[in-house]
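Sequence positions in the sequence shown follow my numbering and run 1256 to 1677.
In this text, a Cβ means the ideal position worked out from N, Cα and C, and glycines have one as well.
Have a look at the structure below, then the notes.
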Amino acid sequence: MSTTAHEKLALLGGGKAVTADVASVSRWPIIGEEEIAAVTDLMRKGEVSTSPIVKEFEAEFADYVGARYALCCNNGTATLHSAVFAAGVGPGDEVILPSYTWWATAVPIIAGNGIPVFADANPDTYTLDPEDVERRITPQTRAIIVTHVWGNPGDMDALMRIAQRHNLVVIEDASHAHGAELGGKKTGNLGHLGCFSLQGSKPMVAGEGGILTTNDRELYERCVALAHYERIPGLETDTYKKYLWTGMGWKYRIHPLAAAMARVQLRKLDHYNAIKRRNTERFDAGIAGLPGIKPQRALPAARRVYFEYRLTYDPARFGGVAKERLLEALRAEGVGCADERYGLLHLEPLFQEQDLYGKGCPWKCPHAKRAVTYRRGDLPVSEDLHARVFSVTLFSHPADEVVDQYIQAFRKVILNLDQLRR
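Structure follows, in structure tokens:
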């Protein structure tokens, strides 16, 4: 690939590096005739509230993940709420989780009157730092939630060892990581419970929907009892059958049309994951060695997938040229890129105010054994990472030409950033 040093940046009047059709190779989700046929078939049958297809999809997804049980829900947030409930989290209990994640990882803890305790991230993988997790364990800790952020599996081996030492439940927020593996095992089968979103931007989609997985019968039955009253009669044990007519006040039944769509998408998941992985590996190889930028790193035993693609930028390598200026220059070259869209949860008003229910609960309820606060500076790695990370277009179709032009654009901008200091 030709050098691009001493080329005039497009931002300053030079030619654009990316001229190919980016939109056609980055389109997502991909809904084909099979998905449409599966949905319309249920509509013709009148199966628009319940359908055998839900359990069929659950069985196929459980088999794919390697888990004993799978349970569909109406969205990924519901799977996380179900998992937190199944883990026994209640008033005064603490759950350790990342701050660099989507809000749905944390807010179900509060819904159960538990207290989120945020731990720091690994600066290379962006996932939970096991050493920091262990430092934050107290007698009130009940569970750990690890987000396989952007499709990159967390350090589950280390986290499971910690959980075993302290008798904790580990919940995988695998909403980004359908089909990812660690040590040959798929996400959703690495902890005690796995939670997947099937929302329309995810690696496999149902429009809206979610599915959770576990190998533990008791955890599965608690998830059913929480929000699937109609399935309580089919449970293996009698523990929760007394709640047949009431459930526990929640209803998380998936729409069967969503399950029909997701069932078809599951058959295509590995195919599209492979395309995204190939495109991204080609891009990573093309920008390798460029100073000041670094892709998110996977663990050696991981086979990651890509929900979205992230890089970090070190402005100190370029005389303080701000990330915003870098992104401006890349966009001028035709690169799809943006500042980080996730916030840091520990700095959000919901957690700063600590008054969700108007009486200080769950942080100040009588069951809380200590004051848990959230301050800037609590998570130095996450805060530094968040300031430097940015996103780049993920290509979901074969895209060699576009990927190569993106590589050219990055080389051109990075090797000529001195033009932005003049």
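Restricting to runs no shorter than 3 residues, where is the beta strand (DSSP E) found entirely within the stretch 1409-1455?
The stretch 1409-1455 contains these whole beta strand (DSSP E) runs: 1424-1428, 1448-1452.
Please report the residue range of the beta strand (DSSP E) in which E1349 lies.
Reading the sequence shown from its first residue, position 94 is the one you call residue 1349. Note, E1349: beta strand (DSSP E), 1349-1353.
Counting only runs of 3+ residues fully inside the stretch 1539-1611, write out the beta strand (DSSP E) ranges in chain order.
With a minimum length of 3 residues, the continuous beta strand (DSSP E) runs that stay inside the stretch 1539-1611 are 1548-1550, 1564-1568, 1592-1594.
Using a threshold of 8 Å, state whether the C-beta atoms of Y1564 and S1456 are closer than that.
As a working mapping, residue 1564 is identified with position 309 in the sequence shown. As a working mapping, residue 1456 is identified with position 201 in the sequence shown. Not a contact, by the Cβ cut-off of 8 Å.
Would the stretch 1396-1415 count as touching the stretch 1656-1671 if we require 3 or more Cβ pairs under 8 Å?
Flag = no, the stretch 1396-1415 and the stretch 1656-1671 do not touch.
On a Cα-Cα basis, can you pick out the residue from E1485, L1423, I1542, D1610 that is closest to V1339?
Within the sequence shown, residue 1339 is the residue found at index 84, counting from 1. Here the closest residue by C-alpha is L1423.
Relative to the C-alpha of L1481, which candidate in Q1520, Y1498, T1468 has its C-alpha closest?
As a first step, residue 1481 must be located in the sequence shown, where it is residue number 226. It is Y1498 whose Cα lies nearest to the Cα of L1481.
Excluding the five sequence neighbours on either side, which residues of its own chain have a C-beta within less than 8 Å of the C-beta of T1380, listed in chain order?
Locating residue 1380 in the sequence shown gives position 125, counting from the first residue. Closer than 8 Å at the Cβ level, and outside the excluded window around T1380, lie N1407, G1409, D1410, Q1551, R1552, A1553, L1554.
Does DSSP put L1326 in a helix, a strand or coil?
Position 71 of the sequence shown, counted from the start, is the residue given in the question as residue 1326. DSSP places L1326 in strand when its eight states are reduced to three.
Given a cut-off of 8 Å, decide if L1297 and S1304 are closer than it, judged by their beta-carbon atoms.
As a working mapping, residue 1304 is identified with position 49 in the sequence shown. As a working mapping, residue 1297 is identified with position 42 in the sequence shown. Contact: no.
Could you tell me if A1593 is buried or exposed, where buried requires 16 or more neighbouring beta carbons within 10 angstroms of its beta carbon?
Start at 1 with the first residue of the sequence shown, and residue 1593 comes out as number 338. It is exposed - the Cβ of A1593 has fewer than 16 other Cβ atoms within 10 Å.
Residue range of the beta strand (DSSP E) that I1370 falls in?
Mapped onto the sequence shown, residue 1370 falls at position 115. First-last of the beta strand (DSSP E) with I1370: 1370-1374.
Determine the burial state of G1367: buried for a count of at least 16 other Cβ atoms within 10 Å of its Cβ, exposed for fewer.
Taking the first residue of the sequence shown as 1, we reach residue 1367 at position 112. Under this definition G1367 is a buried residue.
Taking C-beta to C-beta, are F1606 and Y1629 nearer than 8 Å?
On the sequence shown, residue 1606 is found 351 positions in, with the first residue counted as 1. On the sequence shown, residue 1629 is found 374 positions in, with the first residue counted as 1. Cβ distance < 8 Å, so F1606 and Y1629 count as in contact.
Indicate the three-state DSSP secondary structure (helix, strand or coil) for S1646 in the structure shown.
For the purposes of this step, residue 1646 is identified with residue 391 of the sequence shown, where counting begins at 1. Looking at S1646 - three-state DSSP - the assignment turns out to be strand.
Evaluate the contact criterion for the stretch 1418-1435 versus the stretch 1490-1508: three or more CB pairs, one atom per stretch, below 8 Å.
Touching, no.
Can you give me the Cβ contacts of H1336 inside the same chain, cut-off strictly under 7 Å, excluding the 5 residues immediately before and after it?
Your numbering for residue 1336 matches position 81 in the sequence shown. Counting only Cβ-Cβ distances below 7 Å, and skipping sequence neighbours, we find P1363, A1366.
Alpha carbon to alpha carbon, what distance is there between V1519 and M1256?
Against the sequence shown, residue 1256 aligns to sequence position 1. Against the sequence shown, residue 1519 aligns to sequence position 264. With a pLDDT of 49 at M1256, under the threshold of 50, the predicted position of this residue should be treated as unreliable, and no value is reported.
Would E1588 pass as a contact of K1271 if the rule is Cβ separation under 8 Å?
Translated into positions along the sequence shown, residue 1588 becomes position 333. Translated into positions along the sequence shown, residue 1271 becomes position 16. Yes. Within cutoff.
So what does I1399 bridge to, in DSSP terms?
In the sequence shown, counting from the first residue as 1, residue 1399 sits at position 144. I1399 is bridged to I1351, V1425.
Might you give, ordered along the chain, the residues of its own chain that have their beta carbon closer than 8 Å to the beta carbon of R1631, omitting 5 neighbours on each side?
Your numbering for residue 1631 matches position 376 in the sequence shown. Excluding residues within five positions, the ones whose Cβ falls inside 8 Å are L1602, E1638.
Exposed or buried, what is K1531 when buried is set at 16 or more other beta-carbons lying within 10 Å of its beta-carbon?
Sequence index remark: in the sequence shown, residue 1531 carries index 276 (1-based). Answer is buried; the Cβ neighbour count reaches 16.
For a test of the three-state rule: what should DSSP assign to G1240, helix, strand or coil?
Since the displayed the chain opens at 1256 and closes at 1677, residue 1240 lies outside it and no answer follows.
DSSP has G1201 in a bridge; who is on the other side?
Because the chain here runs from 1256 to 1677, residue 1201 falls outside it and cannot be looked at.
With DSSP run on the structure shown, which of helix, strand or coil describes T1468?
Here residue 1468 is taken as the residue at index 213 of the sequence shown, counted from 1. Looking at T1468 - three-state DSSP - the assignment turns out to be strand.
Suppose the cutoff is 6 Å on Cβ atoms and the five residues either side in sequence are ignored; what does the same chain contact list for N1470 look like?
What you label residue 1470 is simply residue 215 of the sequence shown in a count that begins at 1. Closer than 6 Å at Cβ, skipping near neighbours: A1322, R1323.
Do the CB positions of T1382 and V1404 come within less than 8 Å of each other?
Sequence index remark: in the sequence shown, residue 1382 carries index 127 (1-based). Sequence index remark: in the sequence shown, residue 1404 carries index 149 (1-based). Closer than 8 Å, so yes.
Nearest to D1384 by alpha carbon, out of A1376, E1262, L1445?
Walking along the sequence shown from the start, residue 1384 turns up at place 129. It is A1376.
Using only the alpha-carbon positions, how far apart do L1672 and I1400 sit?
Your numbering for residue 1672 matches position 417 in the sequence shown. Your numbering for residue 1400 matches position 145 in the sequence shown. The straight-line gap from Cα to Cα measures roughly 40 Å.
Tell me which residue opens and which closes the alpha helix (DSSP H) that E1288 is part of.
Taking the sequence shown and counting its residues from 1, the one referred to as residue 1288 is at position 33. From DSSP, the alpha helix (DSSP H) with E1288 extends over 1288-1300.
Which two residues bound the contiguous alpha helix (DSSP H) that contains F1491?
Along the sequence shown, one-based indexing puts residue 1491 at 236. Residue identity differs from the one stated: residue 1491 is Glu in this sequence, not Phe. No alpha helix (DSSP H) contains E1491, which DSSP labels as neither H nor E.
Please report the Cβ distance between Y1661 and V1273, rounded to the nearest whole angstrom; I am assuming they are in contact, meaning their Cβ atoms lie under 8 Å.
On the sequence shown, position 406 is the one that residue 1661 refers to. On the sequence shown, position 18 is the one that residue 1273 refers to. Right, the Cβ-Cβ distance comes to about 6 Å (below 8 Å), so this counts as a contact.
Can you check whether the CB of C1328 is closer than 8 Å to the CB of G1465?
Position 210 of the sequence shown holds residue 1465. Position 73 of the sequence shown holds residue 1328. The answer is yes: Cβ separation under 8 Å.
Is L1414 close to the ligand HEM? I mean its beta-carbon at under 7 Å from any heavy atom of the ligand.
With respect to small molecules bound, the structure shown includes none, and the ligand HEM cannot be examined in it.
DSSP three-state call for L1524: helix, strand or coil?
Here residue 1524 corresponds to residue number 269 of the sequence shown, with the count starting at 1. DSSP places L1524 in helix when its eight states are reduced to three.
Can you name the start and end residues of the alpha helix (DSSP H) that V1362 belongs to?
The sequence position of residue 1362 within the sequence shown is 107, counting from 1. First-last of the alpha helix (DSSP H) with V1362: 1362-1366.
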